[in-house]
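> In the working numbering, the protein residues as written are 4 to 267.
Beta carbons are placed, not taken as given, at the ideal position from N, Cα and C, and that holds for glycine.
Computed from a predicted structure; not experimentally measured.
Dropping the structure in here first, questions after.
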């Protein structure tokens, strides 16, 4: 575990120096700032506009960070040939993958904290006390964090056998498809072909379902946060279980692929 933490710390430091990280963070905070201006001209809906735009910006730019940095984690080591030094040392390839993953997740966690602080500051600029209600917003941010866990695992898995560009394309495609997993089940009911219907149902279960992190039953976590409604505990628990289990499965697959690679 010590080796994993060392790799994670090194990865975190490398990510902090990445210009992409600061550019995306700047754009996120800028959008939050714009939401304040829009909120001031929308009387009665100030808080809702700020929270809606803030959560959307946090989710979008957090995903971009996970994709652009995550898809290059392994490739950078190959390009700089530092991977040969690592695998020649008593470091397991599974420790390398897990360390890289935890390093990027630490980076994302820091960014989510900064973005959430920006959203809180934007709400405070309205001159209203939102200390207790903001906990509901943090619940939505936590759901976004679970989503980013899965996106990062997907990006890292693809990076073990593909180039950063292709890995980014594959990850983005899965991210988009993953938001329509529920619609695949509905499509299966509409299609007349039984075979095609079964394929759609199978894909809806096999592919990542990102709606699990925002919608559970009739509850939409992001919309609930905008109205300062407390999410149900079961909703967060199910989202947590899904995020951790699916991410663990993808990391296991990433380790398996990485162990099969020959670096000689």
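1) For residue 50, count the other beta carbons within 10 Å of its own beta carbon; 16 or more makes it buried, fewer makes it exposed. Which is it?
2) Over what stretch of residues does the alpha helix (DSSP H) that includes residue 167 continue unbroken?
3) Is DSSP giving residue 83 helix, strand or coil here?
4) With a threshold of 16 other CB atoms inside 10 Å of the CB of residue 154, please say whether the residue is buried or exposed.
5) Please report the distance separating the alpha-carbon of residue 86 from that of residue 173.
6) In chain order, what residues of the same chain have a beta carbon less than 6 Å from the beta carbon of residue 163, not counting five sequence neighbours either side?
7) My output table needs one value for residue 15: the three-state DSSP class, helix, strand or coil.
8) Compute the beta-carbon to beta-carbon distance between residue 147 and residue 177, rounded to the nearest angstrom, for a pair I have assumed lies under 8 Å.
9) Considering only the beta carbon of each residue, do residue 100 and residue 254 sit closer than 8 Å?
10) Please name the residue, chosen from 109, 94 and 118, that lies closest to residue 61 on a Cα-to-Cα basis.
11) Please list the terminal residues of the continuous alpha helix (DSSP H) segment that includes residue 114.
12) Quick check on residue 58: buried or exposed, where buried means 16 or more other Cβ atoms within 10 Å of its Cβ?
13) Should residue 79 be listed as close to the ligand ATP, given that the test is whether its C-beta is under 7 Å from any heavy atom?
14) Taking residue 216 as part of the alpha helix (DSSP H), name the residues at either end of that continuous run.
On the basis of the supplied data:
1) In the chain shown, the residue the question calls residue 50 occupies position 47. Burial call: buried.
2) For this step, residue 167 is matched to residue 164 along the chain shown. Note, residue 167: alpha helix (DSSP H), 167-181.
3) Your numbering for residue 83 matches position 80 in the chain shown. Reduced to three states, the DSSP call for residue 83 is coil.
4) Your numbering for residue 154 matches position 151 in the chain shown. Under this definition residue 154 is a buried residue.
5) Locating residue 86 in the chain shown gives position 83, where the first residue counts as 1. Locating residue 173 in the chain shown gives position 170, where the first residue counts as 1. Taking the straight line joining both Cα atoms gives about 23 Å.
6) Residue 163 sits at position 160 when you count from the first residue of the chain shown. Around residue 163: 77, 257, 260 and 261.
7) The residue given as residue 15 occupies position 12 in the chain shown. Residue state, collapsed to three classes: helix.
8) Taking the first residue of the chain shown as 1, we reach residue 147 at position 144. Taking the first residue of the chain shown as 1, we reach residue 177 at position 174. Actually they are not in contact, since the Cβ atoms of residue 147 and residue 177 sit about 17 Å apart, beyond 8 Å.
9) Here residue 100 refers to the residue found at position 97 when the chain shown is read from its first residue. Here residue 254 refers to the residue found at position 251 when the chain shown is read from its first residue. Yes, the pair counts as a contact, with Cβ atoms nearer than the cut-off.
10) Locating residue 61 in the chain shown gives position 58, counting from the first residue. The option with the nearest alpha carbon to residue 61 is 118.
11) Walking along the chain shown from the start, residue 114 turns up at place 111. Segment 96-127, the alpha helix (DSSP H) holding residue 114.
12) Along the chain shown, read from residue 1 onward, the residue named residue 58 stands at position 55. The residue is buried, with at least 16 neighbouring Cβ atoms inside 10 Å.
13) With respect to the ligand ATP, the structure shown offers nothing to examine, as it has no ligands at all.
14) Residue mapping note: residue 216 aligns to position 213 of the chain shown, counting from 1. Where residue 216 is concerned, there is no enclosing alpha helix (DSSP H), given that its DSSP letter is neither H nor E.
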